[in-house]
Amino acid sequence: MRSFFDYIPGNSFLHRLNPLSRIFLSFMISIACFSSKSHLFLLLMILLNLVLAALAGILNRGMELLKNLSKFSVFIFVLQVLFVRRGEVLLEMPFNIIITEDGISTAIIIVLRLIGATMPLALMLSITQMNDLSNILVVKLKIPYKYAFAFTTALRFIPIFASEMSAIIEAQVSRGVQLDTKNIFKKTRLILPLCLPLLITSMKKIEGSAISAEIRGFYLRTGESCYRKYFINWNDVGVLLFAVILFISAVFSNNIKL
Amino acid sequence: MIRLQNVCFNYDRDRTLTDISFHINKGEFAAIIGANGAGKSTLCRLLNGLLKPSSGSVEINGLDTGHTKSSVLARQIGFLFQNPDRQICRNTVAEEILFGLELLYKDREFIAERLEKVLSMFGFSAEDNPFNLSRGERQRLALASLIAVEPEILILDEPTTGLDYKECIEIMEIVREMNKKGTTVIMVCHDMEVVLDYAERVLVLSGGKLIADGETRSVFCMNDVLEQASLIPPQMASLAGRLGSGFEDVFTVEEMTELILEKSNEKRRVEV
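So the sequences go chain by chain: V and Y.
Quick note on my numbering: the first sequence kicks off at 6 and runs consecutively.
Quick note on my numbering: the second sequence kicks off at 5 and runs consecutively.
Structure below.
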């Protein structure tokens with residue numbers, strides 16, 4: 006089963022871009038989402054993410070990501086609606102719970118921001134190989150290799166740990182632990198003791214990776230050790246300009262009243 | 005006891021198992037063999053309800069696994085995973101064995117009695133830290149915590165992987181002992197010598213299909229089936245096959261030694 010961080014190979018326009026352009030574009034979309042307070046602009050950003058996913062041939066993953074983020078967003082939305090108390094009161098409930106116009110508006114903005122800012126990063130990781138990512142961090146952004154390697158390794162380990170956790174859950178369910186219950190509180194209480202086997206296997210995996218990297222000369226690597234070369238062409242320039250325009254539009258979108 | 009009828013299973017869009025049907029009786033010792041990716045582990049997960057069939061039905065003692073939670077089936081089925089570290093989640097050997105017992109039983113006296121019995125049966129020290137044990141000992145501990153709850157069915161998913169010969173024999177002898185006491189055993193194994201030594205019945209999977217099901221020795225004589233499943237028969241069976249007529253029923257070193265001695269004595273008598 007594939008996770009959201011697994012690389013999906015392809016030869017699309019976005020796949021052929023310099024990894025640095027992809028990183029820049031995804032960060033600018035995220036920053037644009039955080040800079041704008043316009044509902045319409047944020048909705049357009051989500052739409053843009055889906056268009057980019059379709060361009061990269063990963064629309065299915067984009068839709069799946071949107072679906073999962075939407076589920077999480079419901080929780081954030083409810084919290085925001087309940088805790089923002091300024092503005093015109095729309096509904097009063099027992100225990101001094103009030104729902105205000107500002108509360109709903111802020112909740113919508115935060116949810117749209119969350120979705121709009123998270124999607125580009127996950128989609129960028131889906132079309133960028135981890136080696137390219139660490140190479141570009143070292144070669145172009147001059148980040149020391151050990152930090153770039155640690156960053157990409159951490160990303161690489163997320164799906165591995167997720168699959169390890171699901172294997173541990175399977176093993177425990179087979180022993181009679183009721184992790185297949187639908188009661189979320191009971192499930193959380195039962196999952197906590199499973200952190201021990203996850204921690205043990207994770208530490209073993211990390212230690213194994215560290216030793217494997219060290220015995221292959223990890224500390225001999227410098228910025229010049231990169232075998233691949235990454236060139237910037239006109240497509241990249243176009244994407245970089247587009248990203249800057251997005252950011253400027255985000256700032257100006259705050260002045261538009263709808 | 006275990007009945008599969010026209011079971012199909014798909015992972016995402018890929019079909020993993022196609023039209024699997026068989027029946028396993030109480031007290032049988034069956035091995036599921038096949039190349040990597042044949043669907044052996046998937047079949048095991050279907051048996052204890054971790055996976056639900058896409059079509060067809062899996063019944064364990066009359067319970068349809070498609071509509072029964074795995075945690076409920078755990079009362080009847082013990083599942084030993086290839087990697088014991090996924091199963092062990094307590095800080096002492098005793099706590100680890102108690103973990104399954106406390107989940108399934110309420111009677112304190114029974115629990116204490118079972119704990120003592122299992123500790124002495126496996127020779128574990130109650131206060132040892134499971135994560136300080138060797139790989140083979142951790143596998144034995146995982147098996148001990150399963151046996152403690154006395155399941156009617158024991159499913160072993162590659163139980164001897166990563167173990168040395170002595171550890172492998174220790175594990176398999178315990179399983180054989182359980183089988184003699186009436187526990188039904190289903191084992192996935194890549195070691196054909198182990199399969200020949202312990203299993204009475206073999207099910208061969210290839211490309212998600214059940215291509216043979218029969219008594220162990222007769223299946224190991226089906227060269228075309230073994231070839232189709234990319235399996236190599238036990239060495240002594242291969243040797244006997246090459247020697248040809250008169251060696252058809254030879255599968256073990258003991259049998260081969262006996263037959264050779266018998267044939268040489270016969271030859272000597274003829275010469276005399």
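Glycine included, every Cβ here is placed at the ideal spot set by N, Cα and C.
Own chain, CB closer than 6 Å to Asp161/Y, minus 5 neighbours either side, in chain order:
In the second sequence, residue 161/Y corresponds to position 157, counting from 1. Excluding residues within five positions, the ones whose Cβ falls inside 6 Å are Ser45, Cys48, Phe85, Gln86 and Val192.
Beta-carbon proximity list for Pro57/Y, same chain, < 7 Å, skipping 5 on both sides
Taking the first residue of the second sequence as position 1, residue 57/Y is located at position 53. Excluding positions up to five away in sequence, the list reads Val11, Cys12, Phe13, Leu50 and Gly70.
Expressed to the nearest angstrom, what Euclidean distance is found between the alpha-carbon atoms of Asn259/V and Ala218/V?
Taking the first sequence and counting its residues from 1, the one referred to as residue 259/V is at position 254. Taking the first sequence and counting its residues from 1, the one referred to as residue 218/V is at position 213. Their Cα atoms are separated by approximately 49 Å.
Positions along the segment 191-224 of chain V whose CB lies within less than 7 Å of some CB in chain Y
Pro198, Leu199, Leu201, Pro202, Ile205 and Thr206
Candidates Leu47/V, Ala59/V, Val116/V and Gly67/V, of which the one nearest Val86/V by Cα:
Against the first sequence, residue 86/V aligns to sequence position 81. When each option's Cα is compared against that of Val86/V, the closest is Val116/V.
Ile261/V to Val182/V, Cα distance in whole Å?
Taking the first sequence and counting its residues from 1, one reaches residue 261/V at position 256. Taking the first sequence and counting its residues from 1, one reaches residue 182/V at position 177. Approximately 55 Å, taken between the alpha carbons.
Is any heavy atom of the ligand PLP found at a distance shorter than 7 Å from the C-beta of Gly38/Y?
Although the ligand PLP was asked about, the structure shown includes no ligands whatsoever.
Expressed to the nearest angstrom, what Euclidean distance is found between the alpha-carbon atoms of Ala112/V and Lys30/Y?
Locating residue 112/V in the first sequence gives position 107, counting from the first residue. Locating residue 30/Y in the second sequence gives position 26, counting from the first residue. Between Ala112/V and Lys30/Y, the C-alpha separation is close to 59 Å.
Of all Cβ atoms in chain V, is any one closer than 8 Å to the Cβ of Lys73/Y?
As a position in the second sequence, residue 73/Y is number 69, starting the count at 1. At least one chain V Cβ lies under 8 Å of Lys73/Y.
Can you check which of these residues, Ala34/Y, Arg94/Y and Tyr169/Y, is closest to Ile190/Y by C-alpha distance?
Translated into positions along the second sequence, residue 190/Y becomes position 186. When each option's Cα is compared against that of Ile190/Y, the closest is Ala34/Y.
Going by DSSP, what residue range makes up the beta strand (DSSP E) through Gln9/Y?
Residue 9/Y sits at position 5 when you count from the first residue of the second sequence. Gln9/Y -> beta strand (DSSP E) spans Ile6 to Tyr15.
What residue does the alpha helix (DSSP H) around Phe88/V start on, and which one ends it?
Sequence index remark: in the first sequence, residue 88/V carries index 83 (1-based). It spans Leu64 to Phe88 - the alpha helix (DSSP H) in which Phe88/V sits, taken as one unbroken run.
From the DSSP output, read off the bridge partner residues of Glu219/Y.
Translated into positions along the second sequence, residue 219/Y becomes position 215. Its beta-bridge partners are Arg205/Y.
So if I threshold CB-CB distances at 7 Å, which residues from the segment 127-150 of chain Y count as touching chain V?
Phe135
Grouping DSSP H, G and I as helix and E and B as strand, with all else coil, what is Ser129/Y?
For the purposes of this step, residue 129/Y is taken as residue 125 along the second sequence, with counting starting at 1. Ser129/Y falls in the coil class under three-state DSSP.
What's the C-alpha gap between Ile215/Y and Gln9/Y?
Counting from one through the second sequence, the residue named residue 215/Y turns up at place 211. Counting from one through the second sequence, the residue named residue 9/Y turns up at place 5. For Ile215/Y and Gln9/Y, the distance between alpha carbons rounds to 15 Å.
Among Ala241/Y, Gly166/Y and Asn269/Y, the one whose alpha carbon lies nearest that of Met260/Y:
Stepping through the second sequence from its first residue, residue 260/Y is reached at position 256. The shortest C-alpha separation from Met260/Y is found at Ala241/Y.
Measuring only between beta-carbons, confirm whether Gly166/Y sits less than 8 Å from chain V.
In the second sequence, the residue the question calls residue 166/Y occupies position 162. No - not a single Cβ of chain V is within 8 Å of the one on Gly166/Y.
Through-space distance from Leu200/Y to Leu263/Y, alpha-carbon basis
In the second sequence, residue 263/Y corresponds to position 259, counting from 1. In the second sequence, residue 200/Y corresponds to position 196, counting from 1. So the alpha carbons of these two residues sit roughly 19 Å apart.
Residue-level contact to chain Y via CB, Ala37/V, 8 Å cutoff
In the first sequence, residue 37/V corresponds to position 32, counting from 1. Not one chain Y Cβ lies under 8 Å of Ala37/V.
Are three or more beta carbon pairs between the segment 54-68 of chain Y and the segment 134-147 of chain V nearer than 8 Å?
no
Starting from the C-beta of Ser17/V, find all residues in its chain whose C-beta is less than 8 Å away, skip the five residues before and the five after it, and write them out in chain order.
Residue numbering aside, residue 17/V sits at position 12 when the first sequence is read from its first letter. Excluding residues within five positions, the ones whose Cβ falls inside 8 Å are Leu60, Ala61, Gly62 and Ile132.
Measuring only between beta-carbons, confirm whether Ala78/Y sits less than 8 Å from chain V.
Within the second sequence, the letter at position 74 stands for residue 78/Y. By this cut-off, Ala78/Y is an interface position.
Residue closest to Ile236/Y, alpha-carbon to alpha-carbon, out of Met196/Y, Val274/Y, Leu243/Y and Ala244/Y
Taking the second sequence and counting its residues from 1, the one referred to as residue 236/Y is at position 232. Taking only the C-alpha atoms, the option nearest Ile236/Y is Met196/Y.
Does Phe114/Y get closer than 8 Å to chain V when you measure Cβ to Cβ?
Taking the second sequence and counting its residues from 1, one reaches residue 114/Y at position 110. No, no contact with chain V.
Span of the alpha helix (DSSP H), counted from its first residue to its last, around Met208/V
Position 203 of the first sequence, counted from the start, is the residue given in the question as residue 208/V. Residues Cys200 to Ile220.
With C-beta atoms as the reference, is Pro88/Y less than 8 Å away from Leu145/Y?
What you label residue 88/Y is simply residue 84 of the second sequence in a count that begins at 1. What you label residue 145/Y is simply residue 141 of the second sequence in a count that begins at 1. A contact, by the Cβ cut-off of 8 Å.
Whole-Å CB distance - Leu77/Y paired with Gly53/Y, under 8 Å assumed
Sequence index remark: in the second sequence, residue 77/Y carries index 73 (1-based). Sequence index remark: in the second sequence, residue 53/Y carries index 49 (1-based). Rounded, the Cβ-Cβ distance is 5 Å, consistent with contact.
Do you know how far the Cα of Leu203/V is from the Cα of Ser168/V?
Position 163 of the first sequence, counted from the first residue, corresponds to residue 168/V. Position 198 of the first sequence, counted from the first residue, corresponds to residue 203/V. Computed Cα separation, rounded: 10 Å.
Is the segment 124-141 of chain V close to the segment 10-28 of chain V, with three or more CB pairs under 8 Å?
yes
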